[in-house]
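Comments concern the structure below.
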Amino acid sequence: MVQICADVLGQPISVHPSRQGSALGAAILGALAAGPKQTGFKSTSAAIRSMASSRRGKKGDSVVVRPNRRHREIYDNIYKEYRRLAQFFEQGRDTAVR
């Protein structure tokens, strides 16, 4: 799934090594909800850096999934066809309503 996302976006995606990603995300959101006075985090990125950054050179580093250019071209063509069909059906719906 991550490879597909990287291919469609055309951007590398860093996958955090945590096995408890949902819990980690919830903890970050909880800290943000508590506010900077309670936690010291002045921004979302500061909380993420502090709570979720992996240690470089240690076992369990993030894995970077890089986009496949060939796949990107295929997805781009599929998206163009999707947009063409959406316009076609939208025009048909407008005609049927009149």
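Using this note's numbering, read the sequence shown as starting at 7 and increasing by one per residue. In this text, a Cβ means the ideal position worked out from N, Cα and C, and glycines have one as well.
Span separating the alpha-carbon of Gly63 from that of Val70: Bear in mind that a pLDDT of 49 at Gly63, under 50, signals an unreliable position, so the number given afterwards is only what the model happens to contain. Each residue's alpha carbon lies about 14 Å from the other.
Beta-bridge pairing of Ser20 - partner residues as DSSP gives them: Val70
Range of the contiguous alpha helix (DSSP H) that encloses Gln26: Here Gln26 belongs to no alpha helix (DSSP H), and DSSP marks it neither H nor E.
Simplified DSSP state of Lys48, which is helix, strand or coil: coil
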